[in-house]
Each structure stands twice: as structure tokens, then as C-alpha cells.
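Numbering (UniProt numbering), first residue to last: 1 to 304.
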């Protein structure tokens, strides 16, 4: 997922200023992508932001930059804020629910985060409700541990305002976030869910669900993708049982790691059909996510 950062300068030597600029950029690129992806929830949009940061770095008076890594993080964050604002408008015309694009965190060095914060699906979805400025402050602080003083410079805000943005984001996410089970238990629940879903066993499904379980499908208009949320133990079980005997025919399932969590990639005739992932808590499965949008399945299917 490395963006095209060709210098258009064949035979560049190590002393070539543009080649040196590329070396500096590539050294911090994983962090830049990690910032942009967390803010946007889209690999393609994050790559566009990182590519634009590279273009600006090429054109900038680099001799005047004392700290290239800080300059590039600042440029990337500000570009991501602008992109998040326009992305919100674009998603209003999205067909059905929108979810973040999954990434294979077991094999994708482009995320390159020092910490796994603000990467899991549930948090990325909740972050969509934050303002772009709150999202940026939260990501820089929680995922990359930037000091408040540095974040204030990046966002062109006072430190007091930055602390307020981070505090608001934390409170909002904490209010919505549920206690998680450990990874092994989550994997067991996902395996049990898949077996019950394939069999269409309503009682087994209901036994796995928390009372207010939510099923969300991101298909962007693809055939057979639900265009509204299903909520509640009985409704979700009935919904899944209704398509059990035709949806799973001639499919193969593969375990993958998506956004740091276990998920199942379902293929038919070698082509990705759906990525299934869960959010779980002490009472069972709280969220079921069906990623069916072809454009969002393409990368994780290829990585697998």
C-alpha cells in the first residue's frame, strides 16, 4: 500500500537532494499513513493524503525545515482534517450504512503505529461522530502519544483547546464503548457465530447475542446487502437465519486479522464475498459487521 512517490529522476544518487527527501519521507511514511487512516477510515483516502504530503514535501524549501518528521506529520494531519470534512459530505450519498475500510494488520506495515489505539472497527465507527478537529487531536494523542504542545502546533490551536478536544473525544468514546472480552474468547465467539449462522439456527444465534445486538452491512448498493441496521436479539437472529440456506452455498472461509482483531473472510469461486467481524462484551456479541462493498474488500482479500 505504498503510494507512488516516484521522483521522476532516474539515476538519482544518494547525494541528490530529491533522493534525500524521499529517504526522509519514507522513514516516516508508516506513521503518516497511520494518522491519515485512523482519521479517515479509508485506505484509498489515506493514501491520497500521504501522496499529497509527499508532493508538498518535494516542492517545499526543505532547507528551512528543522524537524522534517514534525513537518510531515503536521502536513498530513491538516490534509486529513480537510479530507474528513469533505468525506462526511460524500458519505451522505452512500448507499446503506458506511463502515471503515478493513486493513490486514497482520501483514500491513503501512499502519506502522507505535500503539494500537484508535484502530479497531468499533472505535473507528464511533470516531465518525467526532468533529475532524476532535478526531485529529484524539488520534495524535492516543495513538501516537504526541505531547499536547506539539498537537497544539499541528492543529494551530491553544493547548487548552487541544486538551478540551481530547477530553471530549475520550468522554464520547468511553460513553459508547463496552468492556471487551479477550482475543481468544472473541475468536471462539466468532467461530460459534459462523457455525450457527451457516446452519440458520435461531436459538443458537440468540444464545450468542447480547440483548441489544446490532447487525450492520456495508455494501454500497451491492446485491443482497442489507441497507438498514438490524437491532435486537430476535430481529438479528431472524435476519441471519432467513438467508442462511442460500448465502453460504459454495463458500470458503478464511481467518484473517482485520484492524487488530480476528475476522473471517468469505469467498465464493475465489472472489471475496464478505468480511465478517464482531464486537463482543461480557453479555455476548454486541455488533456484527458484514463488509460487502467490493472496493473495501479488495485490499484485504489481496493481502490474505
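Here a beta-carbon is modelled for each residue, glycine too, at the ideal position from N, C-alpha and C.
By the criterion of at least three beta-carbon pairs nearer than 8 Å, the region 191–209 is not in contact with the region 151–159. Straight through space, the alpha carbons of residue 272 and residue 120 are spaced by roughly 21 Å. The beta carbon of residue 87 sits closer than 8 Å to those of 40, 42, 45, all from its chain and outside the five residues before and after it, given in chain order. About 5 Å separates the CB atoms of residue 292 and residue 222; that is less than 8 Å, so the two are in contact. DSSP, reduced to helix, strand and coil, places residue 130 outside both helices and strands of the structure shown, so it counts as coil. Around the C-beta of residue 151, 16 or more other C-beta atoms lie within 10 Å, and the residue is accordingly described as buried.
Residue environment for residue 295: exposed (fewer than 16 other C-beta atoms within 10 angstroms of its C-beta).
Bridge pairing for residue 284: 281 [DSSP]. When 66, 100, 139, 24 are compared, the shortest CA-CA separation from residue 220 is found for 100. Rounded to the nearest angstrom, the Cβ distance from residue 97 to residue 216 is 5 Å, consistent with a contact under 8 Å. The straight-line gap separating the alpha-carbon atoms of residue 286 and residue 59 is approximately 48 Å.
The DSSP-derived three-state label of residue 96 is coil. Counting only the Cα atoms, residue 268 lies some 13 Å from residue 297. Around the beta carbon of residue 47, a 10 Å sphere encloses 16 or more other beta carbons of the protein chains shown; the residue is thus reported as buried.
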